[in-house]
Amino acid sequence: MDNSEVAKRLFEMAEMLEFKGENVFKIKAYQKAARNIEELEEDINILRQRDELGTISGVGEAIEAKIKEMLDTGTFKAFEEIRHTIPQDIEEIIAVQGIGPKTAHLLYSKLGVKDLQGLLKAAEEHRIRRIPGMGVKTEEHILIAAKRQLAEGNIGRFPLGVALPIAEEISKKLLDGILIREVRIAGSIRRWKDTVGDIDLIARSDEPEKAIEVFTVMDNMQEVLEKGNTKGSIIYKGNIQVDLRIVKDDAFGSLLQHFTGSKEHNVKLRQIALSKGFHLSEYGLKNATTAEQIPFSTEHEQYERLGLQFIPPELREDWGEIEAAMEKKIPRLIEVSDIKGDLHVHSNWSDGHNSIEEMALAAKALGYQYINISDHSASSKIANGLSEKRLLDHIKEIERLNECIEGIRILSGTECDILPDGTLDYSDELLEQLDIVVVAVHGSVEQDSKTMTQRIVSALENEHVHILAHPTGRKFGKRLPFAMNMEKIMDTALEYGKVLEINSSPQRLDLNDKFAMMARERGIKLAINTDTHSLEQFGNIRYGIGTARRAWIASNDVINTLHLKDICKLLGIS
Ligand SMILES: [Zn+2]
Ligand SMILES: [Zn+2]
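Residue numbers for the sequence shown follow this note's numbering, beginning at 152 and rising by one.
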């Protein structure tokens, strides 16, 4: 088990104890230990070898013993014991906004609610309001939240940020052996779609059967669904299905193209092939009259043979890309290497893990010319938001660092809360002293569409504001987009020259592809930021770039592709 797995189990333990109504200190102890393990720099297995588990803050003797048990056996007895006393799908209920483990327990013990469907039913039949302390209002909130949770349709789909790292982990394992020469991730992951149903892998091997055998017995494999000569299908840790198809060299491009999809794109491609006298399949083109089979080792060759410009995977949705490719009008899409700086970065002044200096040096190592340190404002109390006084110190600290660090400019910013009434968390006098003002909605997210739209519009009308961060507020599995009128918000952004963010955090991807496309079509400028809270999260930029590419976005649609000098000019930074 690694650090995050140990932490996750301890968090689950705390949640179950809370569900059971156990001693609150005991619950807090598990949570604290879990949090500190999550943030450990070192591998917990190595600490254990050195017999230093006790040095982790919050890990006393009792929890230490449980960690050891976990590292040896993958679980611990107390956990298994309590787990058997709790309904299996209770997690679904705890995940509903506004319901914690305690409420879940109340609903379970009073009404026998065990899963999301049961919760919905109980709310619709007005049984929840009859529980002492719950009431009509609470019931209404639960009903809305439960419906949202169901409507989100994420059941059976995985966020890209979950699926892609697993696909990469499996690809690497397969390449570590000698049987497989090349592995490519295909399917919707390769198109950077924000949620995916399963993982599609394509590989090259001279011994397909043996390679499939290796695939079906790999670590973390939970169940084999299919094992053929050239195809295998398994359920991998985390309950995600992984399909592997193997070919020899000649048809690799055709196979990759076929399994990259999308279905809609491929349907249109087959029509084009037919009009030229060919049948298109995963094996390449087949001459309709002579039945001669023409396999392609690269996708480029296959598109070319069909008279089309090469179409990047992210565009393959039948959103006009085939027509554009016929006229050789596929644009040059933005790439990770076009990014010159990150305009949404947190430090340990608010809820980040690293100092401003560490963040700046990491960004410099990436070749960035600038970063905007945008720590949270005072209202974000859980995120240790900065009071006005601390923000002034923050500005001074950045001035000081800019004098001693060369090769990168640290911009002094904020991620200022847009308060429920549309005013901002800092005064105009204070905002004026900052280089870049990023604004965002964090609290009171349940407002109705009219109120929320007006709230954001008011913020965008403020002359000191530059960027609206994570505009819709969605978080995979946790929160749907705010109820809001995006047309109106975009009209305002355009009118006042404000920038909309594509937030690259794999939990968010916000704006999503469709909204990003809508913004681009209207001529609104975008910023692709990571919203990083630690050094590693700078790497999340690829998710934002993937989303932007799906929206046909080019480098010049995005402000943080500008050189330092030009972005300063654009935003009026001295
Ligand atoms: Zn935020
Ligand atoms: Zn942020």
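No residue lacks a Cβ here, since even glycine has one placed at the ideal position from N, Cα and C.
Alpha-carbon spacing of residue i relative to residue j, whole angstroms
| i | j | result |
| --- | --- | --- |
| Arg281 | Lys261 | 10 angstroms |
| Ala702 | Lys665 | 7 angstroms |
| Asp153 | Glu231 | 19 angstroms |
| Arg341 | Gly284 | 49 angstroms |
| Ile445 | Tyr694 | 35 angstroms |
| Gln392 | Leu425 | 33 angstroms |
| Arg606 | Glu509 | 35 angstroms |
| Ser655 | Leu484 | 17 angstroms |
| Arg160 | Val596 | 29 angstroms |
| Gly723 | His615 | 10 angstroms |
| Gly263 | Glu243 | 14 angstroms |
| Val728 | Leu466 | Here the chain has residues from 152 to 725 only, and residue 728 is not among them. |
| Asn305 | Gly348 | The predicted position of Asn305 is uncertain, since its pLDDT is 49 and thus under 50; a value taken from the coordinates is nonetheless stated next. Between Asn305 and Gly348, the C-alpha separation is close to 9 angstroms. |
| His256 | Ile295 | 20 angstroms |
| Ala165 | Leu315 | 29 angstroms |
| Lys629 | Ala439 | 51 angstroms |
| Ser384 | Ser339 | 17 angstroms |
| Thr604 | Asp576 | 18 angstroms |
| Asp401 | Gly328 | 22 angstroms |
| Arg201 | Glu193 | 12 angstroms |
| Gln598 | Glu212 | 46 angstroms |
| Leu660 | Tyr647 | 24 angstroms |
| Ser725 | Thr289 | 51 angstroms |
| Ile293 | Leu542 | 38 angstroms |
| Leu330 | Ile397 | 11 angstroms |
| Arg551 | Glu190 | 28 angstroms |
| Val496 | Ile533 | 17 angstroms |
| Arg234 | Phe410 | 40 angstroms |
| Lys676 | Leu581 | 25 angstroms |
Beta-carbon proximity check, residue i vs residue j, cutoff 9 angstroms
| i | j | result |
| --- | --- | --- |
| Tyr792 | Leu406 | The requested residue 792 does not occur in the structure, where the chain is confined to residues 152 to 725. |
| Ser525 | Glu472 | no |
| Asn380 | Ile353 | no |
| Glu169 | Pro252 | yes |
| Leu395 | Leu325 | yes |
| Val157 | Ile197 | no |
| Phe403 | Glu333 | yes |
| Leu570 | Ala591 | no |
| Asp469 | His416 | yes |
| Lys183 | Ser155 | no |
| Asp489 | Val287 | no |
| Gly492 | Gln520 | yes |
Residues sharing a beta bridge with residue i, DSSP
| i | result |
| --- | --- |
| Thr683 | Val496 |
| Ala354 | Val334 and Ile397 |
| Thr565 | Val588 |
| Tyr521 | Gly492 and Arg560 |
| Pro310 | Thr346 |
| Phe429 | Asn438 |
| Asn654 | Asp661 and Asn680 |
| Gly383 | Lys378 and Leu395 |
| Ile282 | Paired residues: none, contrary to the question. |
| Lys626 | Arg630 |
| Ile618 | Val589 and Val650 |
| Met167 | According to DSSP, which records beta bridges pairwise, Met167 is partnered with nothing at all. |
| Val709 | Leu677 |
Proximity to residue i [Cα-Cα], best of the options
| i | options | result |
| --- | --- | --- |
| Leu420 | Val375, Asn390, Glu474 and Glu443 | Glu474 |
| Val210 | Ala516, Thr236, Ile329 and Asn187 | Asn187 |
| Ile423 | Ser413, Leu459, His409 and Asp401 | Leu459 |
| Arg560 | His621, Glu583 and Leu494 | Leu494 |
| His430 | His451, Leu457, Ser413 and Thr449 | Leu457 |
| Glu360 | Lys382, Glu377 and Thr698 | Lys382 |
| Asn535 | Ser501, Asn613, His451 and Gly594 | Ser501 |
| Ile549 | His527, Asn523 and Gln658 | Asn523 |
| Asn691 | Ala514, Arg308 and Lys378 | Ala514 |
| Ile640 | Glu612, Arg659, Lys171 and Lys626 | Glu612 |
| Arg308 | Arg335, Thr346 and Glu276 | Thr346 |
| Phe227 | Thr367, Val365 and Glu163 | Glu163 |
| Gly594 | Glu319, Ala529 and Cys555 | Ala529 |
| Leu267 | Val247, Arg700 and Arg278 | Val247 |
| Ile679 | Lys626, Ile696 and Glu687 | Ile696 |
Interface flag, residue i vs chain D, CB-CB below 9 angstroms
| i | result |
| --- | --- |
| Gly412 | Absence of chain D from the displayed structure is noted, only one protein chain being present. |
Residue i CB to nearest heavy atom of ligand 3 below 8 angstroms
| i | result |
| --- | --- |
| Ala439 | The ligand content of the structure shown is limited to ligand 1 and ligand 2, which means ligand 3 is not among them. |
Ligand 2 site residues, beta-carbon cut 5 angstroms against heavy atoms: Glu566 and Asp682
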